[in-house]
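Here is the structure we will look at.
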Amino acid sequence: MSDGVPERLRNILADIFAVPASQITADLAAGSIPTWNSLRHLEMIRAIELEYGVQFDPAQTHALSTVALLQRELKARGVTIGYLDPIVEHNRFYATEDRKTQPKEYFKFLTSLADPLLTPGARVLDIGCATGEFLHYLESVYPGLHMTGIDISEEFLDKAHKSVPKARFVQGNIQTKEGLPDTRFDVVFMAGVNYLFADPAPWLKNIVELTEGTAYVFGIFNPEDLDIRMMVSRSGSAEVQPWNLISQKFISSHLGDVSHRFIPWNMPIPNPRVHEDPLRSWTIPSDGGYLIVNGMQMIQRFAVLEITNPRNQRLHRS
Ligand SMILES: C[S@@+](CC[C@H](N)C(=O)[O-])C[C@H]1O[C@@H](n2cnc3c(N)ncnc32)[C@H](O)[C@@H]1O
219 MSDGVPERLR
229 NILADIFAVP
239 ASQITADLAA
249 GSIPTWNSLR
259 HLEMIRAIEL
269 EYGVQFDPAQ
279 THALSTVALL
289 QRELKARGVT
299 IGYLDPIVEH
309 NRFYATEDRK
319 TQPKEYFKFL
329 TSLADPLLTP
339 GARVLDIGCA
349 TGEFLHYLES
359 VYPGLHMTGI
369 DISEEFLDKA
379 HKSVPKARFV
389 QGNIQTKEGL
399 PDTRFDVVFM
409 AGVNYLFADP
419 APWLKNIVEL
429 TEGTAYVFGI
439 FNPEDLDIRM
449 MVSRSGSAEV
459 QPWNLISQKF
469 ISSHLGDVSH
479 RFIPWNMPIP
489 NPRVHEDPLR
499 SWTIPSDGGY
509 LIVNGMQMIQ
519 RFAVLEITNP
529 RNQRLHRS
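Heads up: take any position in the sequence shown, counting from 1, add 218, and you land on the working numbering.
Below you can see the structure in the form of structure tokens.
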């Protein structure tokens, strides 16, 4: 895992050297493939400088002769390349906060839905597991599960591995399928991830392929028939991230004959605002309960998309 090359960098190098992205490993070196010649080396340096907004010392660029050295040099220049994509930058707080002592309310909701399936030996997958907070919670309530976590962030996975040593962690991308296991799981969870994707078709198809029993996707799904694709950045910052609200109708049309339902979830307790980060959600009281809002001036209505026994059922548009 620690040998992994972030997808963003891998794609640039694969383009320049005209090889499949899978060939771009940390130990790939200049001269080891015919297209990594001195001309393409200069093209590569230029492309990386443009992509990451850095400038290498021209006298040193010849020394950047392996992918690992390039990664090290980018890191030394403050580029966060542990993330495969800048879109997850907002979620950095997962790496710095200890979130294990107070499990999130929706963790409890998810386990209440999946409870009958969470028997010893059940194969459980958490997609977008970040630092393993949910798996840590699962392990404390349901010992004996076979747990796997997937995330695109190597940095998060390193932490997750320390926090839940009994689980297996894999670097993978639920949208592109890269790195995903080729086995199936009895119970699949994905929480707080789907808003990142403007197109639901790839992740839905990949989740269906990974699920033997039931999948539970916790996130925002528009109950109105509107698909809203948004990008947001902190004022003055060049860093943008998606915040998509895709309709239940559109998701259902992709799932076709695969049996599924949306189960609404309401926040049962108040959640204070974190003023430094207006993208982090907080609650406002409403009708004896709470509405979840964030600095995008959006009310966020959460639900669990439950997909049951997708095996042998037909996905539309797959
Ligand atoms: C908002 S966090 C949610 C973490 C956790 N599931 C929770 O509910 O607390 C989103 C997580 O999804 C991961 N992620 C983003 N894009 C992903 C992708 N394409 N495939 C897998 N994980 C992804 C991020 O690295 C991050 O850990």
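For glycine and all other residues, C-beta sits at the position ideal for the given N, C-alpha and C.
From a predicted model like this one, the values you see are computed outputs, not experimental measurements.
Ignore the nearest five residues each way along the sequence and tell me which others in Gln466's own chain have a CB closer than 7 angstroms to its CB. For the purposes of this step, residue 466 is taken as residue 248 along the sequence shown, with counting starting at 1. The answer, listed in chain order, is Phe439, Asn440, Pro441 and Phe480.
Can you give me the C-alpha to C-alpha distance between Phe520 and Cys347, rounded to a whole angstrom? Locating residue 520 in the sequence shown gives position 302, counting from the first residue. Locating residue 347 in the sequence shown gives position 129, counting from the first residue. Looking at the two C-alpha atoms, the distance is approximately 18 angstroms.
Closer than 8 angstroms to a non-hydrogen atom of ligand 1 - does that hold for the CB of Ala348? Against the sequence shown, residue 348 aligns to sequence position 130. It does: the Cβ of Ala348 is within 8 angstroms (strictly closer) of some heavy atom of ligand 1.
How would you write the range of the alpha helix (DSSP H) that Asn512 sits in, first residue to last? Taking the sequence shown and counting its residues from 1, one reaches residue 512 at position 294. That residue, Asn512, is in no alpha helix (DSSP H); its beta strand (DSSP E) goes Gly507 to Asn512.
What span of residues does the alpha helix (DSSP H) with Thr329 cover, start to end? Here residue 329 is taken as the residue at index 111 of the sequence shown, counted from 1. Note, Thr329: alpha helix (DSSP H), Glu323 to Ala332.
Report the rounded CA-to-CA distance for Arg386 versus Gly367, giving the unit in angstroms. Within the sequence shown, residue 386 is the residue found at index 168, counting from 1. Within the sequence shown, residue 367 is the residue found at index 149, counting from 1. If you take the alpha carbons of Arg386 and Gly367, they lie about 6 angstroms apart.
Using the rule of at least 16 other Cβ atoms within 10 Å of the residue's Cβ for burial, across every protein chain shown, is Pro528 buried or exposed? Working through the sequence shown from its first residue, we reach residue 528 at position 310. When all chains shown are included, Pro528 counts as buried.
Around the C-beta of Gly431, are 16 or more other C-beta atoms found within 10 angstroms, so that it is buried, or is it exposed? Taking the sequence shown and counting its residues from 1, one reaches residue 431 at position 213. Per the 10 Å Cβ criterion, buried.
Counting C-beta neighbours from all protein chains within 10 Å, is the total for Ala277 16 or more, i.e. buried, or is it exposed? In the sequence shown, the residue the question calls residue 277 occupies position 59. With fewer than 16 Cβ atoms within 10 Å of its Cβ, Ala277 is classed as exposed.
Between the C-alpha atoms of Leu335 and Ala433, what's the straight-line distance to the nearest angstrom? One-based indexing of the sequence shown puts residue 335 at position 117. One-based indexing of the sequence shown puts residue 433 at position 215. Using only the alpha carbons, I get a separation of about 11 angstroms.
Restricting to Cα atoms, I'd like to know which of Trp500, Leu473, Tyr508 and Gly474 is closest to Asn484. Indexing the sequence shown from 1 puts residue 484 at position 266. Nearest option by C-alpha distance: Tyr508.
Local conformation of Ala521 per DSSP, three classes: For the purposes of this step, residue 521 is identified with residue 303 of the sequence shown, where counting begins at 1. Three-state result, Ala521: strand.
Quick one: measure Cβ to Cβ for His472 and Ala419, integer angstroms, because I've assumed they're closer than 8 angstroms. Locating residue 472 in the sequence shown gives position 254, counting from the first residue. Locating residue 419 in the sequence shown gives position 201, counting from the first residue. Indeed they touch by this definition, with Cβ atoms about 5 angstroms apart.
Would you tell me roughly how many angstroms separate the C-alpha atoms of Arg491 and Gly513, rounded to the nearest one? Along the sequence shown, read from residue 1 onward, the residue named residue 491 stands at position 273. Along the sequence shown, read from residue 1 onward, the residue named residue 513 stands at position 295. Answer to the nearest angstrom: the Cα atoms are 10 angstroms apart.
Three-way DSSP call (helix, strand, coil) for Thr279 in this model: The count along the sequence shown starts at 1 and reaches residue 279 at position 61. In this structure, DSSP gives Thr279 a helical state, which the three-state scheme calls helix.
For Ile263, which residues of its own chain have a beta-carbon under 8 angstroms away from its beta-carbon, when the five flanking residues on both sides are left out? As a first step, residue 263 must be located in the sequence shown, where it is residue number 45. Contacts found: Phe274, Thr279 and Leu282.
Between which residues of its own chain and Thr284 is the CB-CB distance below 7 angstroms, once the five residues before and five after are set aside? Walking along the sequence shown from the start, residue 284 turns up at place 66. If we look at Thr284 and ignore the five residues flanking it on each side, its Cβ neighbours are Asp245, Leu246 and Ala247.
Who are Val450's beta bridge partners in DSSP? Translated into the one-based positions of the sequence shown, residue 450 becomes position 232. Listed as beta-bridge partners of Val450 by DSSP are Gln459.
Looking only at its own chain, which residues have a Cβ that is under 7 angstroms from the Cβ of Tyr360, when we skip the five neighbours before and after it? The count along the sequence shown starts at 1 and reaches residue 360 at position 142. Here the set comprises Leu336.
Give me, in chain order, the residues of the same chain whose beta-carbon lies closer than 8 angstroms to that of Arg258; leave out the 5 immediate sequence neighbours on both sides. Translated into positions along the sequence shown, residue 258 becomes position 40. Non-local C-beta neighbours of Arg258 in its own chain, meaning closer than 8 angstroms and more than five positions away in sequence, comprise Ile234 and Phe235, ordered along the chain.
For Pro482, count neighbouring C-beta atoms within 10 Å of its own C-beta (all shown protein chains included) and say buried if the count is 16 or more, exposed if not. In the sequence shown, counting from the first residue as 1, residue 482 sits at position 264. It counts as exposed.
Asp404 versus Leu414, Asp417 and Glu427, residue with shortest Cα-Cα distance: Here residue 404 refers to the residue found at position 186 when the sequence shown is read from its first residue. Of the listed residues, the one whose Cα sits closest to Asp404 is Glu427.
Going by C-alpha to C-alpha distance, which of Asp344, Ile502 and Glu261 sits closest to Thr429? Counting from 1 along the sequence shown, the entry for residue 429 is found at position 211. Closest option to Thr429, Cα to Cα, is Asp344.
Cα-Cα, which of Glu373, Ser371 and Val382 is closest to His548? Outside the displayed range of the chain (219 to 536) lies residue 548, so it cannot be described from this structure.
In the DSSP output, what is Gln389 paired with across the bridge? Residue 389 sits at position 171 when you count from the first residue of the sequence shown. Answer is Asp369, bridged to Gln389.
Can the beta-carbon of Leu422 be found less than 9 angstroms from the beta-carbon of Trp461? Walking along the sequence shown from the start, residue 422 turns up at place 204. Walking along the sequence shown from the start, residue 461 turns up at place 243. Going by C-beta atoms, Leu422 is not nearer than 9 angstroms to Trp461.
Is it the case that the Cβ atoms of Gly397 and Lys377 are separated by a distance below 9 angstroms? On the sequence shown, position 179 is the one that residue 397 refers to. On the sequence shown, position 159 is the one that residue 377 refers to. Not closer than 9 angstroms, so no.
Is Phe352 a contact residue of ligand 3, with contact defined as CB to any heavy atom under 8 angstroms? This structure lacks ligand 3; its bound ligands are ligand 1.
In its own chain, which residues sit with a C-beta less than 8 angstroms from the C-beta of Ala332, not counting the 5 before and 5 after it? The residue given as residue 332 occupies position 114 in the sequence shown. The beta carbon of Ala332 sits closer than 8 angstroms to the beta carbons of Val405, Phe407, Thr432 and Tyr434 from its chain, once the five residues preceding and following it are set aside; these are given in chain order.
Check whether Ser499 and Gln518 have beta carbons under 9 angstroms apart: Translated into the one-based positions of the sequence shown, residue 499 becomes position 281. Translated into the one-based positions of the sequence shown, residue 518 becomes position 300. Their beta carbons are under 9 angstroms apart, which means Ser499 touches Gln518 by this criterion.
Rank Asp475, Leu227, Tyr270 and Lys322 by C-alpha distance to the C-alpha of Ala409 and give the top, closest one. Taking the sequence shown and counting its residues from 1, the one referred to as residue 409 is at position 191. If we check each option's Cα against that of Ala409, Lys322 comes out closest.
So what's Ser470 in DSSP terms, helix, strand or just coil? The residue you call residue 470 lines up with position 252 of the sequence shown. Helix at Ser470.
Mind pulling the alpha helix (DSSP H) runs of 4 or more residues that sit fully within the segment 331-361? Every alpha helix (DSSP H) of 4 residues or more that sits fully in the segment 331-361 is shown, in chain order, as 351-359.
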